[in-house]
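Undergrad:
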Amino acid sequence: MPDGTHKAEARLSLNSRLAELTLVCPWVDRLAAEHGLPEEKVFAINLCLEEALSNVIRHGYKGAPDHSLTVDFSVNAGGELVFTIEDHAPVFNACAFPESPAPASLDEIKPGGQGIRLMRRFANSLAWEPLPHGNRLTLGFNYGAPGGEPR
Amino acid sequence: MQIAIEEMDGGVTRVILDGRLDIEGAAAVDLKMNVTAGSSQLLLLDLQKVTFLGSMGLRSLVVPAQAVRRHGGKVVAFGPAPMVEEVLKASNVDTLIPIHHELSSALAALA
Chain A
47 MPDGTHKAEA
57 RLSLNSRLAE
67 LTLVCPWVDR
77 LAAEHGLPEE
87 KVFAINLCLE
97 EALSNVIRHG
107 YKGAPDHSLT
117 VDFSVNAGGE
127 LVFTIEDHAP
137 VFNACAFPES
147 PAPASLDEIK
157 PGGQGIRLMR
167 RFANSLAWEP
177 LPHGNRLTLG
187 FNYGAPGGEP
197 R
Chain B
103 MQIAIEEMDG
113 GVTRVILDGR
123 LDIEGAAAVD
133 LKMNVTAGSS
143 QLLLLDLQKV
153 TFLGSMGLRS
163 LVVPAQAVRR
173 HGGKVVAFGP
183 APMVEEVLKA
193 SNVDTLIPIH
203 HELSSALAAL
213 A
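Note that the protein sequences, when read in sequence, are chains A and B. Numbering-wise, the first sequence is residues 47 to 197 according to the numbering used here. Numbering-wise, the second sequence is residues 103 to 213 according to the numbering used here.
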């Protein structure tokens, strides 16, 4: 769990359209340059944000355009990089959503059904809380290996 | 995201992907990937130049691979970068689309 209160260093505001996700990578790249993040950490952050945001747009807002969502970036007291996604979609706990079982054959792979599994693997922490009119998903990343111990 | 198709000896179709296989990249290659898979028996997915792979990108690899397998063909992935390989492994796709880092072993697996 990300700990402590912390002030957002940067905010990205998006509209609920998948095309808006093209804004995420340049934003993350800028933050990465400012914080000197290694390439594999930038990859993990981009991967998790793409999954989390596309989940909100496709499932939370059910593809309806013109709803808002925000991503706030901060560094918490423990030095963890924290990305907080807030939306106004119906309550949906991505952390409690069961992963699809590991597929036993190629035909069993559900295309597009890997998002939760990938977020759990590539983020160091994942936390959800309901808001009065939406959801807050918090993704934490340390400077070490994705999902593992700091190097 | 760029895609190039190359017919190799032995009836192998090499699909060379270049760039970010994110939502936008997936949308750019899906049609060509699926058309190629529809007419290929032996598919080599060349991932050497793929710099990012998300779950929509995985879908762009899995759906054509499923199509090739359905008509009795074989699919392998060749040369993914470490983080791309980690995504393939985290989603268990590597157990179904075997990963090779040498072209010779990728081609041998298709033979």
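Positions of the beta carbon are idealized from the N, C-alpha and C atoms, including for glycine.
#1: Under a CB-based cut-off of 8 Å, is Pro196 (chain A) close to chain B?
#2: Just the Cα atoms here: how many angstroms apart are Val102 (chain A) and Ser59 (chain A)?
#3: Is it true that the CB of Ser100 (chain A) sits closer than 8 Å to the CB of Leu69 (chain A)?
#4: Looking only at its own chain, which residues have a Cβ that is under 6 Å from the Cβ of Glu55 (chain A), when we skip the five neighbours before and after it?
#5: Measure the alpha-carbon distance for Glu96 (chain A) versus Leu146 (chain B) and round it to whole angstroms.
#6: With 8 Å set as the bound, which would you pick, yes or no: does the beta-carbon of Asp124 (chain B) sit closer than that to a beta-carbon of chain A?
#7: Please state whether DSSP places Ile118 (chain B) in a helix, a strand or coil.
#8: Using a Cβ-Cβ distance under 8 Å, would Glu86 (chain A) count as near chain B?
#9: Do we get a CB-CB distance below 8 Å when we pair Leu127 (chain A) with the residues of chain B?
#10: Starting from the C-beta of Gly127 (chain B), find all residues in its chain whose C-beta is less than 7 Å away, skip the five residues before and the five after it, and write them out in chain order.
#11: Using CA atoms only, rank isn't needed, just tell me which of B:Leu205, B:Val137 and B:Glu188 is closest to Thr167 (chain B).
TA: Concretely, from the data shown:
#1: Below a pLDDT of 50, predicted positions are generally treated as unreliable, and Pro196 (chain A), at 41, falls in that range; no measurement from the model is reported.
#2: Cα-Cα distance, rounded: 14 Å.
#3: No, they are not a contact pair.
#4: Hits under 6 Å: Phe119 and Ser120.
#5: Computed Cα separation, rounded: 27 Å.
#6: Contact of Asp124 (chain B) with chain A is assigned, a C-beta pair being separated by under 8 Å.
#7: In this structure, Ile118 (chain B) counts as strand in the three-state DSSP scheme.
#8: Closer than 8 Å to some Cβ of chain B, the Cβ of Glu86 (chain A) qualifies, so yes.
#9: No, no contact with chain B.
#10: The answer, listed in chain order, is Met103, Gly121 and Gly159.
#11: According to the sequence displayed, residue 167 (chain B) carries Ala and not Thr. Taking Ala167 (chain B) as reference, the option from B:Leu205, B:Val137 and B:Glu188 with the minimal CA-CA separation is B:Val137.
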